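Colleague:
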Amino acid sequence: MFDNQVLIDDIKMLGCHNLWQKLSGRTLLITGATGMLGSYLALAANEANIYGGYGIKLILLGRNSKKAKLLFDSINCKIISQDIREPLNINEPVHYIMHTAGPVGPKIFDNDPLDVISANVEGTFSLLRYAMQYECQSIAYASTHEVYGKVDGEQTEASMSGVVDTTNPRSSYVLAKQTTENILSCFSKQYGIKTSSARLSRLYGPLMNLSSGLFVCDFIKDAIQRKPVRVRGDLNLIRPLCYITDAAKAMLHILINAKMGEAYNVQGDELPTIGEIADLISSIGGCPVQENKPETREYQRSGHWLNTDKLRELKWQQDVKLFDGLKRTYEYFIQAGGSE
Numbered sequence: 025m026f027d028n029q030v031l032i033d034d035i036k037m038l039g040c041h042n043l044w045q046k047l048s049g050r051t052l053l054i055t056g057a058t059g060m061l062g063s064y065l066a067l068a069a070n071e072a073n074i075y076g077g078y079g080i081k082l083i084l085l086g087r088n089s090k091k092a093k094l095l096f097d098s099i100n101c102k103i104i105s106q107d108i109r110e111p112l113n114i115n116e117p118v119h120y121i122m123h124t125a126g127p128v129g130p131k132i133f134d135n136d137p138l139d140v141i142s143a144n145v146e147g148t149f150s151l152l153r154y155a156m157q158y159e160c161q162s163i164a165y166a167s168t169h170e171v172y173g174k175v176d177g178e179q180t181e182a183s184m185s186g187v188v189d190t191t192n193p194r195s196s197y198v199l200a201k202q203t204t205e206n207i208l209s210c211f212s213k214q215y216g217i218k219t220s221s222a223r224l225s226r227l228y229g230p231l232m233n234l235s236s237g238l239f240v241c242d243f244i245k246d247a248i249q250r251k252p253v254r255v256r257g258d259l260n261l262i263r264p265l266c267y268i269t270d271a272a273k274a275m276l277h278i279l280i281n282a283k284m285g286e287a288y289n290v291q292g293d294e295l296p297t298i299g300e301i302a303d304l305i306s307s308i309g310g311c312p313v314q315e316n317k318p319e320t321r322e323y324q325r326s327g328h329w330l331n332t333d334k335l336r337e338l339k340w341q342q343d344v345k346l347f348d349g350l351k352r353t354y355e356y357f358i359q360a361g362g363s364e
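For the sequence shown, the residue numbers in the numbering used here are 25 to 364.
See the structure below:
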């Protein structure tokens, strides 16, 4: 994994960001550390220590001890392998928390919606009980663009809300994220500890789970297996993406510079359709696009996109354009032999 040049370059670029200096001599807890976003943040924080000598103490929490060992065995950190819903096995103060824990992906939303709710809501309460005990300075939460519900053909502001079908088990993810955002805002108001949320667009990049069921994962998987890129559904639906380093950088900006209790949209600049994304991956992988008969899914959403002006006020900007990000992702998995 760590001889993969794409991943090495990403982590070096992210680790050189000057905002890491704000965490000098502090302790940073990252939950969901073995997920794609959590892994990037952890590896980049370690790189920042190497690059800048910042002395950031890393505590990494995740359920998958085997994956944690594979990812983090060579870096200077403390690994906590446990379910976040349990009382945290951390007996020391933490100054900053990046909260990225929680199940993600269409397949798990369909197969185990109760776990989705429990991991987000109960897990966050467990984390906040710990944060309150040690007077944590700031918590940045990895939320989702899906909290807006069904918003058709509009640019979505952080203050907007759409329609969510509360009787559909697939809505478990949306409702769990909405509830968690509200829990964090209530916690800030009641206890004075700064919390803020990143409403993340669909993330992609190295370390993503190709079996998650997300369409871009399916497209990349087809391409690296030298198969036609199979498209199901409406090719004209707008589906903005965000490359993983830009999302991780946004989390850092939000952790350090966000206003208490606020939420920030995180998305790349381009507004591609599903068909355009398929065409880009097809050109990168040298394989054709195959349009299949659409699958019927009640929860399929119309296109909408996020207004990121509020995040840009924190001095964030996109670094990796869509084509470059897709190419890097494809090259990562090719170098990895097609495995995750």
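For every residue, glycine included, the Cβ atom is placed at its ideal position computed from N, Cα and C.
Keep in mind the model is a prediction, meaning the values are calculated, not measured.
Short of 7 angstroms in beta carbon distance, which residues of its chain neighbour N260, apart from the five on each side in sequence? Order them along the chain.
Modeller: For N260, where only same-chain residues beyond five positions count, the Cβ hits under 7 angstroms are T297 and G299.
Colleague: Rounded to whole angstroms, what is the Cα-Cα separation between R321 and Y215?
Modeller: Note that R321 scores a pLDDT of 45, beneath 50, so its modelled location is shaky and nothing firm can be said.
Colleague: Of the residues D293, N281 and A302, which one's Cα is nearest the Cα of L238?
Modeller: A302
Colleague: Just list the residues that DSSP pairs W340 with in beta bridges.
Modeller: For W340, which the question treats as bridged, DSSP gives no partner whatsoever.
Colleague: DSSP three-state call for Q324: helix, strand or coil?
Modeller: Because the pLDDT of Q324 is 46, which lies under 50, any placement of that residue in the model is unreliable, and the number read from its coordinates should be weighed accordingly. Coil at Q324, not helix or strand.
Colleague: Only counting the same chain, and skipping five residues up and downstream in sequence, which positions put a Cβ closer than 7 angstroms to that of G76?
Modeller: W44 and Q45
Colleague: Can you pull the DSSP bridge partners for W44?
Modeller: BP columns for W44 are empty, so no partner.
Colleague: When the Cα of G309 is compared with those of K283, I278, D293 and R352, which residue comes out closest?
Modeller: R352
Colleague: Between which two residues does the beta strand (DSSP E) containing S221 stretch?
Modeller: K218 to L224
Colleague: Nearest to K218 by alpha carbon, out of H41, C241 and I121?
Modeller: I121
Colleague: Got a sec, what are the start and stop residues for the alpha helix (DSSP H) S63 sits in?
Modeller: M60 to G76
Colleague: Counting beta carbon pairs with one atom in the region 146–153 and one in the region 166–173, are three or more of them shorter than 8 angstroms?
Modeller: no
Colleague: Comparing C-alpha positions only, which one of L65, L224, G86 and L61 sits nearest to H41?
Modeller: L65
Colleague: Since Y158 sits in a beta bridge, which residues does DSSP pair it with?
Modeller: Per DSSP, none; premise fails for Y158.
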